[in-house]
Amino acid sequence: MSMPKNTHLHHIVPKHAGGSDDPSNLVELTIEEHAEAHRELYEKYGRLEDKLAWQGLSKLIGKPEILQALSEDKLGEKNPFYGKTHSEETKCKISQARTGKGRQKKSDEWKQKMSERMSGENNPAFGKSAWNKGKKLGSQSAECRRKKGRPLVFRGVEYNSLNEAQNLTGISCYHIKKECLFLGTNSLGNS
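And the structure:
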């Protein structure tokens, strides 16, 4: 069925109300007529789906609002599965049906077609520079992020950091700090 560009196929009995795609249930309407048809259905039956279709077709609300309203309509006790659980038998059947259905391997032919389709100017990143161009990666940048410890003097020996003092003396950081504070010295780098 070929239709002019500014028309829609409207279900006389909407699919959300049990209607089918049978040609006897379809009518060709302009966008304005389609919106009006859903407004009339909403006023007659009060169904949320008709209200959202009417407001969406009239551009009174956008797609995010429509999706939000449909989602909220199925929250809590309004959800058909609310308060129910799957039996162990059903859980096993679902699990068995899903077993082995991970990502399917792509054929070499498919990979080649995608490669050709996304090459050169067809690639969305074509002509753009990489976000990390010129940045040092891996351990080089991690080295820059590491905090340098404050130098300290512990038992007459100078260390670059508390961790270095712990590693070289075998005494825990806790005990090194405790001893430095107990002695009241400026040996923790608090000059």
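Residue numbers (this note's numbering): 92 to 282. For glycine and all other residues, C-beta sits at the position ideal for the given N, C-alpha and C.
Indicate the three-state DSSP secondary structure (helix, strand or coil) for residue i in the structure shown.
{"i": "Pro105", "result": "coil"}
{"i": "Leu132", "result": "helix"}
{"i": "Leu166", "result": "coil"}
{"i": "Leu143", "result": "helix"}
{"i": "Lys182", "result": "helix"}
{"i": "Asn281", "result": "The pLDDT assigned to Asn281 is 48, lower than 50, so where the model puts this residue is not dependable; a value taken from the coordinates is nonetheless given after this. It is coil, neither helix nor strand."}
{"i": "Gln195", "result": "coil"}
{"i": "Ala84", "result": "Past the edges of the chain, shown from 92 to 282, lies residue 84, and the structure says nothing about it."}
{"i": "His177", "result": "coil"}
{"i": "Leu272", "result": "helix"}
{"i": "Gln256", "result": "The sequence as given places Ala at residue 256; Gln does not occur at that position. In this structure, Ala256 counts as helix in the three-state DSSP scheme."}
{"i": "Ala221", "result": "coil"}
Pull up the DSSP beta-bridge partners for residue i, would you.
{"i": "His99", "result": "Leu120"}
{"i": "Phe172", "result": "Beta-bridge pairing links Phe172 to no other residue."}
{"i": "Asn245", "result": "Per the sequence presented here, residue 245 reads as Phe, with Asn not at that position. According to DSSP, which records beta bridges pairwise, Phe245 is partnered with Val248."}
Relative to the C-alpha of residue i, which candidate in the options has its C-alpha closest?
{"i": "Asp113", "options": "Thr121, Ala221 and Leu100", "result": "Leu100"}
{"i": "His129", "options": "Pro105, Ile152 and Gly247", "result": "Pro105"}
{"i": "Glu180", "options": "Ala188, Glu255 and Tyr250", "result": "Ala188"}
{"i": "Lys96", "options": "Pro215, Leu117 and Ile122", "result": "Ile122"}
I think residue i touches residue j, with their Cβ atoms under 8 Å apart; what is that distance to the nearest whole Å?
{"i": "Glu91", "j": "His107", "result": "This structure leaves residue 91 out entirely; the chain is present only between 92 and 282."}
{"i": "Leu143", "j": "Leu161", "result": "7 Å"}
Do residue i and residue j have their C-beta atoms closer together than 8 Å?
{"i": "Leu272", "j": "Cys264", "result": "no"}
{"i": "Leu158", "j": "Ala126", "result": "no"}
{"i": "His145", "j": "Tyr136", "result": "Correcting the residue type first, residue 145 is Trp in the shown sequence and not His. No. Outside cutoff."}
{"i": "Gly109", "j": "Asn116", "result": "no"}
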